[in-house]
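Here is the structure we will look at, set down as structure tokens.
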Amino acid sequence: MKSMVGKAAIAAVLAFAANAASAEVLVNYINPEKFADLPQDDHQRKKTLEDIAAYFVKLGEDMPKDRVLKLDIYNIDLSGQEVRGSRAGGDIRSRDGKNDWPLIELQYSLSANGQVLDSGDAKISDVAYLQRIMKRAYEMDELRFEKRMIQEWFKKTILKK
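Taken in order, the sequence shown gives residues -23 to -1, 1 to 138; the numbers are from mature numbering (1 follows the signal peptide of the UniProt record, and there is no 0).
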């Protein structure tokens, strides 16, 4: 089941990218069953991976139309820690801001017209994730800290090229 989670997330991203009127963003999860911290529930795990991939695709809408961004994600460690069976609907995330900040490890390649413009490895993290002001629109988003971290990296690393 876990290998299907990665494939499902990739298929969702490719479908988004194919329909986009902008640049193309391809997300590939490498051994997602070995990621440091994702939800234990298979449905939630799949949804989390799909949501992260879809967010990268959404950010790609700001790239020039001739750009292709390829992302190989090797590790995800979500903010906080999962507390099992804490509520009737399932598990919740407890966040204290000490040693539980979000982290995503990836390799990226940005190209245009078949020529590589930039590539590299990145460890995206936000150690002070609970000490920063959050936009109200994101307050109820379970991945709000991860998305803010991804957005900042994307603007600094991808959009500047």
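All C-beta atoms, glycine included, are put in the ideal place defined by N, C-alpha and C.
Next item on the list: Inspect the beta-carbon positions of Asn52 and Ala13 and report whether they are closer than 7 Å.
Entry: Numbered from 1 along the sequence shown, position 75 holds the residue referred to as residue 52. Numbered from 1 along the sequence shown, position 36 holds the residue referred to as residue 13. A contact, by the Cβ cut-off of 7 Å.
Notebook entry, point to check: How would you call Phe122, buried or exposed, if buried means at least 16 neighbouring beta carbons within 10 angstroms?
Noted result: Mapped onto the sequence shown, residue 122 falls at position 145. By the 10 Å Cβ count, Phe122 comes out buried.
Item checked: Burial state of Asp77, where buried means 16 or more other Cβ atoms lie within 10 Å -> Numbered from 1 along the sequence shown, position 100 holds the residue referred to as residue 77. Looking at its Cβ environment, which holds 16 or more other Cβ atoms inside 10 Å, Asp77 is buried.
Check: Are the beta-carbon atoms belonging to Asp49 and Asn5 less than 7 Å from one another?
Finding: Here residue 49 refers to the residue found at position 72 when the sequence shown is read from its first residue. Here residue 5 refers to the residue found at position 28 when the sequence shown is read from its first residue. Closer than 7 Å, so yes.
Next item on the list: Per DSSP, which residues does Ile135 bridge with? Please list them.
Entry: Taking the first residue of the sequence shown as 1, we reach residue 135 at position 158. Answer is none; Ile135 lacks a bridge partner.
Next item on the list: Note down, in chain order, each residue of its chain lying with its Cβ closer than 6 Å to the Cβ of Met(-20), except the 5 sequence neighbours on either side.
Entry: The sequence position of residue -20 within the sequence shown is 4, counting from 1. Confidence is the limiting factor: at Met(-20) the pLDDT is only 48, short of 50, which leaves the residue's position unreliable and the question unanswerable from this model.
Next item on the list: To the nearest angstrom, report how far apart Glu129 and Gln17 are at their CA atoms.
Entry: Working through the sequence shown from its first residue, we reach residue 129 at position 152. Working through the sequence shown from its first residue, we reach residue 17 at position 40. The straight-line gap from Cα to Cα measures roughly 27 Å.
Next item on the list: Spatial neighbours of Lys35 within its chain, please: CB distance less than 6 Å, with the 5 preceding and 5 following residues excluded, ordered by chain position.
Entry: Reading the sequence shown from its first residue, position 58 is the one you call residue 35. Once the five neighbours on either side are set aside, Lys35 has no close Cβ partner at all.
Note to self: Assuming contact is defined by CB atoms lying nearer than 7 Å, are Asp39 and Ala89 in contact in what I supplied?
What the structure shows: Residue mapping note: residue 39 aligns to position 62 of the sequence shown, counting from 1. Residue mapping note: residue 89 aligns to position 112 of the sequence shown, counting from 1. The answer is no: Cβ separation not under 7 Å.
Check: Do Ser96 and Pro79 have their C-beta atoms within less than 7 Å of each other?
Finding: Here residue 96 refers to the residue found at position 119 when the sequence shown is read from its first residue. Here residue 79 refers to the residue found at position 102 when the sequence shown is read from its first residue. No. Outside cutoff.
Note to self: Need the endpoints of the alpha helix (DSSP H) that Ala13 sits in, please.
What the structure shows: By 1-based counting over the sequence shown, the position of residue 13 is 36. Taken as a continuous stretch (DSSP letters only), Ala13 belongs to no alpha helix (DSSP H), as it is neither H nor E.
Next item on the list: Could you tell me the distance, in whole angstroms, from the CA atom of Arg125 to the CA atom of Leu15?
Entry: Along the sequence shown, one-based indexing puts residue 125 at 148. Along the sequence shown, one-based indexing puts residue 15 at 38. Straight-line Cα distance between these residues: approximately 18 Å.
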